Amino acid sequence: MIKSVFDALRDYCETILLKQLEIENYINECYKIIIVPCANPYSMNQECRFWPSDGTDINRMFPGYDAGETTQRIADGLFNKINQCTFGIQLTSFYIPGQFSTHIRMMKTGLEDIEEAKHFGLSSIVVRDPRPYDTTTLNYNWQIWNCKAYSLYTRACEQIDEKTAQEAKNAVLRFMFEKHMISYPFSGGYKSEIIEEKDMISIKSKKAGILKLNVDVDEYVQKDQTLARIYDPYTHTMIETIQSTCKGKIFFVHAKSLVYSHTAVVKIKKEI
Numbered sequence: 009m010i011k012s013v014f015d016a017l018r019d020y021c022e023t024i025l026l027k028q029l030e031i032e033n034y035i036n037e038c039y040k041i042i043i044v045p046c047a048n049p050y051s052m053n054q055e056c057r058f059w060p061s062d063g064t065d066i067n068r069m070f071p072g073y074d075a076g077e078t079t080q081r082i083a084d085g086l087f088n089k090i091n092q093c094t095f096g097i098q099l100t101s102f103y104i105p106g107q108f109s110t111h112i113r114m115m116k117t118g119l120e121d122i123e124e125a126k127h128f129g130l131s132s133i134v135v136r137d138p139r140p141y142d143t144t145t146l147n148y149n150w151q152i153w154n155c156k157a158y159s160l161y162t163r164a165c166e167q168i169d170e171k172t173a174q175e176a177k178n179a180v181l182r183f184m185f186e187k188h189m190i191s192y193p194f195s196g197g198y199k200s201e202i203i204e205e206k207d208m209i210s211i212k213s214k215k216a217g218i219l220k221l222n223v224d225v226d227e228y229v230q231k232d233q234t235l236a237r238i239y240d241p242y243t244h245t246m247i248e249t250i251q252s253t254c255k256g257k258i259f260f261v262h263a264k265s266l267v268y269s270h271t272a273v274v275k276i277k278k279e280i
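The number in my numbering is simply the position in the sequence shown, starting from 1, with 8 added.
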């Protein structure tokens, strides 16, 4: 759920926004908006992604079990409160530390509604086939319970990036306006492009070491362009040059200075 201090701060700001919408009477009748700022303050206070005691991930415990282990009970308590929602938006972080182009991500369960996702007005909507372990995530279970679920990814999770935080806020407001939840007028946005995750080009490291990126998210690159270099942490000699295998737009970059071998360093949306 909430993976970092910044995620909690972001949701706190969204809560303040909701109060402002209520004060200005912008929320239309017959609609109810629920914001869950944090489902796991114990981990957040220790800056841990997972449950500190045993390393379990709440987002792998849905729909939950009220007589199970701690994280299963948390998931059960939360899901019982939100499983009847018509729409669900999860502000998500990726399992690999990195920065994304702001986008909506959906799993193809047979219940997904890609056309509705276009109302966010973001430039990209990424869809993918669910893997076996996805069946215990919030997004998947929301869909199984007939909720139209969307995961919203932004550029940063562990630090404040005001520009992309604003993009995310605007996207949520735009969606709510388009679905007649709020009367606050909100237009603009992009014509969304549907991207199959399997068509994304993932460029991985061959060596482990200190990573120095030469490109940034949303930057256009050419084939054979140098994307990053990896240096030996002891001698500072360059041990690998990572080059683009295609022409396209940078969709994801690895965020940590140290990188393991066989790790996705850059993901590119290939230009057709």
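From the three backbone atoms N, C-alpha and C, an ideal C-beta is built for every residue, glycine too.
Everything numeric in this text was worked out from a predicted model, so none of it was measured.
Rounded to whole angstroms, A83 and N147 show a C-alpha spacing of 12 angstroms. Per DSSP, the unbroken alpha helix (DSSP H) holding E170 starts and ends at E170 to E186. In the structure shown, S51 falls within a helical segment according to DSSP collapsed to helix, strand and coil.
By the neighbour-count criterion, in which a residue is buried when 16 or more other Cβ atoms sit within 10 angstroms of its Cβ, A173 is buried. Looking at S200, S191 and Q107, the one whose alpha-carbon comes closest to that of I31 is S191. By the Cβ neighbour-count rule, T162 is buried, with 16 or more other Cβ atoms within 10 Å of its own. When DSSP states are grouped into helix, strand and coil, R68 belongs to the helix group.
If you check the CB distance, N149 and F95 do not come in under 7 angstroms. Annotated three-state conformation of H127 is helix, per DSSP.
In the three-state reduction of the DSSP assignment, K27 falls in the helix class. Classified as buried, K277 has 16 or more neighbouring CB atoms from the shown chains inside 10 Å of its CB. For R81, the uninterrupted alpha helix (DSSP H) run begins and ends at T78 to I90, by DSSP.
Cβ-Cβ distances below 8 angstroms link R182 to H127, F128, G129, F194, S195, G196 and G197 in the same chain, with the five nearest sequence neighbours on each side left out; the list follows chain order. In the DSSP secondary-structure assignment, Y239 is bridged to I218 and M246.
According to the DSSP assignment, Y158 belongs to the beta strand (DSSP E) that extends over K156 to Y161.
Scanning its chain for C-beta atoms nearer than 8 angstroms, with the 5 sequence neighbours on each side dropped, one finds around V180 the residues E22, I97, F128 and L160, in chain order. Under DSSP, the beta-bridge partners assigned to V229 are G256. In the three-state DSSP reduction, T144 falls in the helix class (H, G or I).
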